[in-house]
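Novice: In UniProt numbering, the protein residues as written are 1 to 393. We put the CB at the ideal spot given by N, CA and C, even for glycine. Model, not experiment: these values are computed from the prediction.
1. Please state whether DSSP places residue 132 in a helix, a strand or coil.
2. Of the choices 278, 256 and 235, whose alpha-carbon is the least far from that of residue 267?
3. Does the region 323 to 331 touch the region 258 to 265, meaning 3 or more C-beta pairs lie closer than 8 Å?
4. Could you give the uninterrupted runs of the alpha helix (DSSP H) lying entirely in the region 235 to 311, keeping only those of 4 residues or more?
5. For residue 366, collect the residues of the same chain with a Cβ closer than 7 Å to its Cβ; drop the 5 residues on either side in sequence, then sort them by chain order.
6. Apply the 10 Å Cβ neighbour rule to residue 70 and answer buried if 16 or more other Cβ atoms are within range, or exposed otherwise.
7. Since residue 213 sits in a beta bridge, which residues does DSSP pair it with?
8. Between which two residues does the beta strand (DSSP E) harbouring residue 60 extend?
9. Out of curiosity, what's the CA-to-CA distance linking residue 289 and residue 111?
10. Just to confirm the assignment, what range does the beta strand (DSSP E) spanning residue 20 have?
11. For the beta strand (DSSP E) containing residue 157, name the first residue and the last one.
12. Between the Cα of residue 129 and those of 339, 51, 165 and 337, spot the shortest distance and give me the residue it belongs to.
13. Apply the 10 Å Cβ neighbour rule to residue 38 and answer buried if 16 or more other Cβ atoms are within range, or exposed otherwise.
14. What does the Cβ neighbour count give for residue 382, buried or exposed, with the cut at 16 atoms within 10 Å?
15. Tell me where the beta strand (DSSP E) around residue 317 begins and ends.
16. Identify every run of the alpha helix (DSSP H) within the region 143 to 212, keeping only runs that are complete inside it and at least 4 residues long; order them along the chain.
17. What three-state label does DSSP hand residue 335 in the structure shown?
18. Which of the three DSSP states is assigned to residue 121 in this structure?
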């Protein structure tokens, strides 16, 4: 149950996932900052619930296996099977939302389930979008539903980058004034607290090679995240090791297996280290020499890039989507084109051979992460949006 009396219950946050992804990491500090007057509803259980509760956040889990199938196949073929569960979730969320002033929906699936219940709860709806809404990632039915709800049910839309905003404007026809761009915020203190003076000892503790020049790629194992591009590049970088930190979260086990096969086929298996999901991202980032971002499709924002910057490590990133709002080429990082293996090889080898350049980029990156992407700035901007909407409640 939510903490406090009815007058204190200002915000109900809704997130469809109990897993720890970018949207969940973005919600975590906001929910914690509002914990005395809010509650979080999760549509599935998982480690995210524990993280929230550790921060003093009240959490309610509404589990329903059928609702988890709101994807392309469910909406195209199996909507009749999924409909009863969807209706139950819409009603359950609406019943809880009636006790709050603002319903904050954290992703597009939460938008569908929360905003469709608006005739029942009649509360102000804030939608925080973390995706580039395009046919490359979403089915036609999903895009049509999101377009209608964004235009008719969301009282305020918050997007995590200009790139996400532009895609949503193209989909919905909404003007820029209808949405607020709020970049994710990173707690830089978590990175400065890591003792990285003795890198070999740090790597020994993590089970990593102690003396190798090490590139790190952080994120879930998914084809569009481009881990295969990094392994292709590694085949041309004989003095470099690669650590992949992340797991296959959403039915992407076949892709994860293909990465191991690829490493074997290219003869680099001994230099590719599969670390799986790790909870202590700052420590792992501090343990590498360079951080790679190799997404093959435009990135909605690029939270892991900012985390790498906060870790004071040089970052090589593919320049599409929100990445261009973070990285300035050869100023605070290095930009390559998506799927450009040769460009990635050149960037990594240049930074390996010229440590003074790598250090200069890392130093500026760390300054930019603290100034432009601080969690304090993020919370201030998000709170302003919520309070503006709340005044209309």
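Specialist: If we stick to the structure as given:
1. coil
2. 235
3. The region 258 to 265 vs the region 323 to 331: no contact.
4. 253 to 266, 281 to 286 and 303 to 310
5. 309, 310 and 312
6. The predicted position of residue 70 is uncertain, since its pLDDT is 47 and thus under 50; no value can be drawn from it.
7. 240
8. 59 to 61
9. Straight-line Cα distance between these residues: approximately 40 Å.
10. Unbroken run through residue 20: none, as it is neither H nor E.
11. 156 to 159
12. Distance check between residue 129 and each of 339, 51, 165 and 337 places 165 closest, using alpha-carbon atoms only.
13. buried
14. Counting Cβ neighbours within 10 Å, residue 382 comes out buried, since at least 16 surround it.
15. 315 to 318
16. Counting whole runs of 4 or more residues, the region 143 to 212 contains the alpha helix (DSSP H) stretches 162 to 172, 189 to 192 and 199 to 206.
17. strand
18. helix
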